[in-house]
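**Q** Just so you know, we're using full-length UniProt numbering here: the sequence shown kicks off at 1 and counts up by one.
Have a look at this one.
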Amino acid sequence: MTGAELQEIRHRLGLSTTALGRAFGYEGRDVTASGTIRKYESGERKIPPWLGRLAIMFDRHGVPPEWIEGAPAPQKRGRKPKPMPEYFVIARRFRLHDGRWKTTGKKEVWEHRGSDRAAAMKFVDEHNVEDEGIWISLDRVSIGMKRPGIPGIVWKEVDENSEERNV
Numbered sequence: 001m002t003g004a005e006l007q008e009i010r011h012r013l014g015l016s017t018t019a020l021g022r023a024f025g026y027e028g029r030d031v032t033a034s035g036t037i038r039k040y041e042s043g044e045r046k047i048p049p050w051l052g053r054l055a056i057m058f059d060r061h062g063v064p065p066e067w068i069e070g071a072p073a074p075q076k077r078g079r080k081p082k083p084m085p086e087y088f089v090i091a092r093r094f095r096l097h098d099g100r101w102k103t104t105g106k107k108e109v110w111e112h113r114g115s116d117r118a119a120a121m122k123f124v125d126e127h128n129v130e131d132e133g134i135w136i137s138l139d140r141v142s143i144g145m146k147r148p149g150i151p152g153i154v155w156k157e158v159d160e161n162s163e164e165r166n167v
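Printed below as a string of structure tokens:
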């Protein structure tokens, strides 16, 4: 559909640019609804296919009056979820691949397998982990994490012989 065709349909319906904009669902200020239709009609903006089909439907069947005057108010947007802190993303990666979280009392401890030294070295190369609250000691291949709500840092090492010891 071209802008001239849209303008013809609007004139046949006897609608202003604002009224047609409201019928198409453009909410907000009248100037915005009117300006959008004017841009479509002048060719300054490409007419979306759905809008062209709706204009043809309006031309054949008319525009329901409640679509123009009683148009629903814009819906409020839901709250955006806060992005997870980087250390949660990093912790998830380690949780899935290189060890496990273990809870002892009120402390959560990350157990990292000592045989996976290459993965730990690669991780350190890929991430600036000290800035994110994660420290990795490559000589012991162990991880300490600071997690919200849990005071301090807990270190745990699991060596290749599965002997656990606190560090």
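Cβ coordinates follow ideal geometry from the N, Cα and C atoms, glycine included.
Small disclaimer: the values here were computed from a predicted structure and weren't measured.
1) Taking the alpha helix (DSSP H) that I37 belongs to, which residues open and close that run?
2) Looking only at its chain, what residues have a beta carbon closer than 7 Å to the beta carbon of A19, apart from the 5 residues adjacent to it on each side?
3) Out of R10, A33, E41, which one is the CA nearest neighbour of D59?
4) Let me know the secondary structure DSSP gives I47 once reduced to three states.
5) Say yes only if the C-beta of D59 is nearer than 7 Å to one or more non-hydrogen atoms of the ligand SAH, and no if none qualify.
6) Ignore the nearest five residues each way along the sequence and tell me which others in H33's own chain have a CB closer than 7 Å to its CB.
**A** By the coordinates alone:
1) Counting from 1 along the sequence shown, the entry for residue 37 is found at position 37. I37 -> alpha helix (DSSP H) spans 30 to 42.
2) Reading the sequence shown from its first residue, position 19 is the one you call residue 19. Only I68 meet the Cβ criterion.
3) Taking the sequence shown and counting its residues from 1, one reaches residue 59 at position 59. If we check each option's Cα against that of D59, R10 comes out closest.
4) Within the sequence shown, numbered from 1, the residue matching residue 47 stands at position 47. Coil.
5) With respect to the ligand SAH, the structure shown offers nothing to examine, as it has no ligands at all.
6) Here residue 33 refers to the residue found at position 33 of the sequence shown. Checking the displayed sequence, the identity of residue 33 turns out to be Ala instead of His. Excluding positions up to five away in sequence, the list reads T18, G21, R22, Y26.
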